[in-house]
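For reference, the structure is listed below as structure tokens.
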Amino acid sequence: MIFDWASQKLVKSLIGTGIKGIAWRAMYHPNGFLVGVSGGSGGGFLVFWKPDQEKEFHKLKLPDTIREMDLHPDGIQVATAHFDGHVRICKLAPKAT
-1 MIFDWASQKL
9 VKSLIGTGIK
19 GIAWRAMYHP
29 NGFLVGVSGG
39 SGGGFLVFWK
49 PDQEKEFHKL
59 KLPDTIREMD
69 LHPDGIQVAT
79 AHFDGHVRIC
89 KLAPKAT
């Protein structure tokens, strides 16, 4: 969900289709899209939304429930902390054509 802090109103709800879990964290990427992590009975996902869309434009399944994430300042690497006690590093790249 995206809120307007000044008005304390909900601006938009973001949807991760086919994901059974909770969105634990979301961050704006320097390129303007939103990156979120989800985890629950369906496993762990990195989920990506464009600002003008409610539905994700991409999602990446990871081995276990994700509880936390952070973006490297280079905008390419994402560190994810998982329920199984592992920290994983993913590299973001443009979609192959």
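Heads up, the sequence shown is in the working numbering, so the first residue is -1 and it goes up one at a time. We put the beta carbon where it would ideally sit given N, CA and C, even for glycine. Here the structure is a predicted model, which means the values were calculated and not measured.
Distance between residue j and residue i (C-alpha atoms, nearest Å)
i	j	result
ILE74	GLU52	23 Å
VAL96	THR63	The chain is shown only over -1 to 95; residue 96 falls outside these bounds and no answer can be derived.
GLU114	PHE46	In the structure as shown, the chain starts at -1 and stops at 95, and residue 114 therefore has no counterpart that could be examined.
PRO71	ALA21	22 Å
ILE0	ASP82	29 Å
Expected contact under 8 Å - CB spacing of residue i and residue j to nearest Å
i	j	result
PHE43	LEU32	Not really, about 13 Å apart at Cβ, beyond 8 Å.
Paired residues, beta bridge with residue i - DSSP
i	result
SER36	ALA21, PHE43
LYS57	VAL45
ALA79	GLU66, VAL85
Exercise. Is the number of C-beta pairs between the region 2 to 11 and the region 24 to 42 that are closer than 8 Å three or more?
Worked result: no
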